[in-house]
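Novice:
In this note's numbering, the protein residues as written are 100 to 426.
(1) Let me check one thing: in DSSP terms, what residues is residue 378 bridge-paired to?
(2) If you check the beta carbons only, do residue 103 and residue 130 fall under 8 Å apart?
(3) Going by beta carbon distance, what residues of the same chain come within less than 7 Å of residue 345, once the five residues before and after it are set aside?
(4) Quick one: grab the DSSP three-state call for residue 147.
(5) Alpha carbons only, please: which of 347, 205 and 257 is nearest the one belonging to residue 228?
(6) From 312, 373 and 417, pick the residue whose C-alpha is nearest to that of residue 385; which is it?
(7) Apply the 10 Å Cβ neighbour rule to residue 374 and answer buried if 16 or more other Cβ atoms are within range, or exposed otherwise.
(8) Less than 8 Å between the C-beta atoms of residue 399 and residue 360, yes or no?
(9) Count the other C-beta atoms from every protein chain shown that fall within 10 angstroms of the C-beta of residue 248, then say buried if there are 16 or more, exposed otherwise.
(10) Just to check my reading of the structure: residue 211 and residue 183 have Cβ atoms closer than 8 Å, yes? What is that Cβ distance to the nearest angstrom?
(11) Quick one, which of 415, 303, 195 and 381 has its alpha-carbon nearest residue 425's?
(12) From residue 224 to residue 336, what does the alpha carbon distance come to, in whole angstroms?
(13) Residue 179 to residue 217, Cα distance in whole Å?
(14) Three or more C-beta pairs under 8 Å: does that hold for the region 185–199 against the region 133–148?
(15) How should residue 121 be labelled, buried or exposed, when 16 other C-beta atoms within 10 angstroms of its C-beta is the threshold for buried?
(16) What does the alpha-carbon distance come out to for the pair residue 317 and residue 188?
(17) Exposed or buried, what is residue 109 when buried is set at 16 or more other beta-carbons lying within 10 Å of its beta-carbon?
(18) Report the option in 387, 169 and 160 whose CA atom is closest to the CA atom of residue 128.
(19) If you count every other CB in all the chains shown that lies within 10 Å of the CB of residue 114, and 16 or more means buried, which is it?
(20) Residue 425 by DSSP, collapsed to three states: which one?
(21) Tell me where the alpha helix (DSSP H) around residue 105 begins and ends.
(22) Which value, in whole angstroms, describes the spacing of the CA atoms of residue 379 and residue 364?
(23) Assuming contact is defined by CB atoms lying nearer than 8 Å, are residue 274 and residue 347 in contact in what I supplied?
(24) My output table needs one value for residue 288: the three-state DSSP class, helix, strand or coil.
(25) Hey, out of 366, 176, 358 and 387, whose CA is closest to residue 327's CA?
(26) Can you give me the Cβ contacts of residue 412 inside the same chain, cut-off strictly under 7 Å, excluding the 5 residues immediately before and after it?
(27) Measure from the alpha carbon of residue 291 to the alpha carbon of each residue in 134, 100, 185 and 135, then state which is nearest.
(28) To test your reading of the DSSP string, which unbroken alpha helix (DSSP H) runs of 4 or more residues are found completely within the region 263–341?
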């Protein structure tokens, strides 16, 4: 992939997404720099679908980085209020966890590259999950006991560490104080406290209406109809300005590079193809370098588990073909 090489990401940035961002976080190690793609292309391999990328919009800077510009993705529940850089609520249906690619396209049209989650302590404790094995020691440690503790703890340890030490997190008891802190995290103060408060109040008052047509509140209530989400993933509906749920929290979100959906074109045996369709002798490609299969099996979108499936399937095809060719 190319996610660790921001210059290459910008060079291949899809025109349909507008101007590429100047600032990004890296959701992959620094060595994921696209060099092998370029080497294979110079050797005759056909590199296709360069503009197909899967980046996230909920990126936060890792307070304890492993590689340069190391970012972590928030996997959010549905309750946070999502504001653009100027304090406007993102349009329907761009709610937390709904449409990554659609949200990215919208953000790039705003003239700014960051957005904000505004939430409460009650929400962050229940609804924030973090990507990365080091952020989920209970899962990677295969501890059933620790996983079950998530339902009881007021906040997972890794999330608390970001809240206490993360550069993108601010807390305050009032909207005015919160916005003042939010404005210190950007080169220029783009947020007006009165406007942000109007957005919050407009969201909060819909919770008083059991028949609200606010799509996010409707989705929040619907999500809690599933027992598993109700117990461990979605906070009880409450007003952001409810002091019992506080303090208020704001999280600055950046674009986070991740998957490369295009790559080296291959046949069904994972042999790398030349531009004329003939195989490049002795060269096979599998996984992300082949766009998770063939040079872009997913098109423009994919979901988490389907990335792994493409790696396994194309890897098996490459291994079988190489073994047969060298037998």
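Ideal placement from N, C-alpha and C gives every residue a C-beta, glycine not left out. Since this is a predicted model, take the numbers as computed values, not measurements.
Specialist: Checking against the coordinates, here is how it stands:
(1) 372
(2) yes
(3) 219, 220 and 272
(4) strand
(5) 257
(6) 417
(7) exposed
(8) yes
(9) exposed
(10) In this structure residue 211 is in contact with residue 183, their Cβ atoms being roughly 7 Å apart against a cut-off of 8 Å.
(11) 381
(12) 14 Å
(13) 6 Å
(14) Between the region 185–199 and the region 133–148 there are fewer than three inter-stretch CB-CB distances shorter than 8 Å, so the stretches are not counted as touching.
(15) Residue 121 comes out exposed.
(16) 16 Å
(17) Exposed, because fewer than 16 other Cβ atoms sit within 10 Å of the Cβ of residue 109.
(18) Measuring from the Cα of residue 128, the nearest candidate turns out to be 169.
(19) exposed
(20) Reduced to three states, the DSSP call for residue 425 is helix.
(21) 105–110
(22) One C-alpha to the other measures close to 10 Å.
(23) Note that the C-beta distance between residue 274 and residue 347 is below 8 Å.
(24) coil
(25) 176
(26) 392
(27) 185
(28) 274–282, 292–304, 314–322 and 326–331
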